[in-house]
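Engineer: A single structure is presented below for examination.
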Amino acid sequence: MMELDGRKAKRIAVAMERWFAAHQRDLPWRRRTRSAAQRAYRCLVAEYMLHQTQVARVLEFFDRFIARFPDVRSLAEAPEQEVLALWQGLGYYRRARNLQAAAQMIVSEFGGCVPRDVESLLKLPGVGRYTAGAIASIAYGQHAPIVDGNVQRVAARWLELGDALSPRELEQSVWRAAEALVAASDVPGDFNQAMMELGSTVCLPRGAKCDACPAAKWCAARASDRVEMYPPVKQRSETRTIHATSILIERGGKVLLCQRPEKGLWANMWQCPTVETDENAETQALVDCIQREHGLSVALDGVIGAFAHQTSHRLVMFEVRRATAVHGRVRNARWVAREEIGTYPISNAQKRVLEMRSGALRS
Ligand code: SF4
Numbered sequence: 229m230m231e232l233d234g235r236k237a238k239r240i241a242v243a244m245e246r247w248f249a250a251h252q253r254d255l256p257w258r259r260r261t262r263s264a265a266q267r268a269y270r271c272l273v274a275e276y277m278l279h280q281t282q283v284a285r286v287l288e289f290f291d292r293f294i295a296r297f298p299d300v301r302s303l304a305e306a307p308e309q310e311v312l313a314l315w316q317g318l319g320y321y322r323r324a325r326n327l328q329a330a331a332q333m334i335v336s337e338f339g340g341c342v343p344r345d346v347e348s349l350l351k352l353p354g355v356g357r358y359t360a361g362a363i364a365s366i367a368y369g370q371h372a373p374i375v376d377g378n379v380q381r382v383a384a385r386w387l388e389l390g391d392a393l394s395p396r397e398l399e400q401s402v403w404r405a406a407e408a409l410v411a412a413s414d415v416p417g418d419f420n421q422a423m424m425e426l427g428s429t430v431c432l433p434r435g436a437k438c439d440a441c442p443a444a445k446w447c448a449a450r451a452s453d454r455v456e457m458y459p460p461v462k463q464r465s466e467t468r469t470i471h472a473t474s475i476l477i478e479r480g481g482k483v484l485l486c487q488r489p490e491k492g493l494w495a496n497m498w499q500c501p502t503v504e505t506d507e508n509a510e511t512q513a514l515v516d517c518i519q520r521e522h523g524l525s526v527a528l529d530g531v532i533g534a535f536a537h538q539t540s541h542r543l544v545m546f547e548v549r550r551a552t553a554v555h556g557r558v559r560n561a562r563w564v565a566r567e568e569i570g571t572y573p574i575s576n577a578q579k580r581v582l583e584m585r586s587g588a589l590r591s
């Protein structure tokens, strides 16, 4: 492991800031705005969207979201269903709910202005140390460190962090390094963004482009030719596999949709009636479930498709079946016309289910 003294930290920080000034990508949340409050709000929205999502994907959503919710108040006062509908396709919908709850807290407790300091930012729902540091430094120029996967990779390679360290010790060492580096920087927001940018465009997990790196001469892993050994690979936590059967029931050009519970996976979103099942779902059990939950007696026609959907901790194996409503008055669900489906918040997995409406029966 290599030491990071104040002089070296300063040199690295200066090199990184210069590199960022010349190479930064033009991203909508980085553009100048009329006020610091507006910049902080855009930064807040971007950070929630970017959590576990690639920049390219966020670019498809950011401007539309800001056009509809241009400031903290408009987001705080919007119906939740409208926020979720605009988030459709970004996934991890808990972030959208947390973002709106954060906007509401900013209005009620911070006078409508995104707070400036890390301690206050940490009170917002869904904001951890990384997001708080990103907003404090980028929007307000505070010397607050950030560590995400990209920063961890860059710092671990510069300092050869990892050998003989537990995951917890590695994390602490990276935070300490990030703190020392940002303290040495002149423009903390640019320095932090430079770290993230370097990690996502140059210091790649495989095939790092060291010749294009502004800090290559201080990089211990490069000097020892052991770049890809840092950071050490983490053991992945086990993914749980779930089996679910979604049932497409149509009548008069409308499809039956129901709302998920307000807690848990895809909370409050809309879907075709879906039953968690064993690996081999029994037909009668599905029919009974639709009758019990939605008051409809149905005839199950057959399987029209199957696919696997990965969430952060689960692999959901979907089977999609078609059914015909025989009789009954529907409850806990509603018939939705084809052209109205887009106004409902629907997960990507359920969009795939709905796309199978024209699918041929397989059995
Ligand atoms: S020299 Fe290479 S490995 Fe080291 S930080 Fe730069 S890109 Fe990453």
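Note that the sequence shown covers residues 229 to 591 in my numbering. Cβ coordinates follow ideal geometry from the N, Cα and C atoms, glycine included.
Kindly indicate which three-state DSSP category Ala448 falls into: helix, strand or coil?
Structural biologist: Note: Ala448 maps to helix in three-state DSSP.
Engineer: For His555 and His522, I'd like the C-alpha separation in whole angstroms.
Structural biologist: 11 Å
Engineer: What does Asp482 pair with, by DSSP beta-bridge criteria?
Structural biologist: For the sequence presented, residue 482 should be read as Lys rather than Asp. Answer by DSSP bridge pairing, in chain order: Arg479, Ala565.
Engineer: Mind checking whether the beta-carbon of Trp386 lies closer than 8 Å to any heavy atom of ligand 3?
Structural biologist: Summarising the ligand content, the structure contains ligand 1 and does not contain ligand 3.
Engineer: For Phe293, count neighbouring C-beta atoms within 10 Å of its own C-beta (all shown protein chains included) and say buried if the count is 16 or more, exposed if not.
Structural biologist: buried
Engineer: Skipping 5 residues on each side, what residues in its chain have a beta carbon closer than 7 Å to that of Cys431?
Structural biologist: Hits under 7 Å: Arg381, Val382, Arg385, Cys441.
Engineer: Say yes only if the C-beta of Arg520 is nearer than 8 Å to one or more non-hydrogen atoms of ligand 1, and no if none qualify.
Structural biologist: no
Engineer: Rounding to the nearest angstrom, what Cα-Cα distance links Met497 and Ala274 in this structure?
Structural biologist: Looking at the two C-alpha atoms, the distance is approximately 22 Å.
Engineer: Inspect the CB distances between the region 365-377 and the region 285-300 and report whether three or more fall short of 8 Å.
Structural biologist: no
Engineer: Which residues mark the beginning and the end of the alpha helix (DSSP H) in which Leu349 is found?
Structural biologist: 346-349
Engineer: Run through DSSP, which three-state label would Thr505 get?
Structural biologist: strand
Engineer: Please list, in chain order, all residues of the same chain as Arg488 whose beta carbon is under 7 Å from its beta carbon, the five residues on each side excluded.
Structural biologist: Trp494, Ala495, Asn496, Met497, Gln499
Engineer: Excluding sequence positions up to five away, which residues of its chain have a Cβ less than 6 Å from the Cβ of Arg258?
Structural biologist: none
Engineer: Indicate whether Val342 and Gly361 have their beta-carbon atoms separated by less than 9 Å.
Structural biologist: no
Engineer: Looking at ligand 1, does it come within less than 8 Å of Val461, judged from the CB to the closest heavy atom?
Structural biologist: No; taking the cut-off as 8 Å, the Cβ of Val461 has no heavy atom of ligand 1 nearer than that.
Engineer: Judging by CA-CA distance, which residue of Arg270, Trp315, Arg253 is the nearest neighbour of Thr281?
Structural biologist: Answer by Cα proximity: Trp315.
Engineer: Among Arg239, Ala249, Ala237, which one has its Cα closest to the Cα of Glu425?
Structural biologist: Ala249
Engineer: Ignoring anything shorter than 4 residues, give me the alpha helix (DSSP H) runs that lie fully in the region 233-297, in order along the chain.
Structural biologist: 234-251, 264-278, 283-287, 290-296
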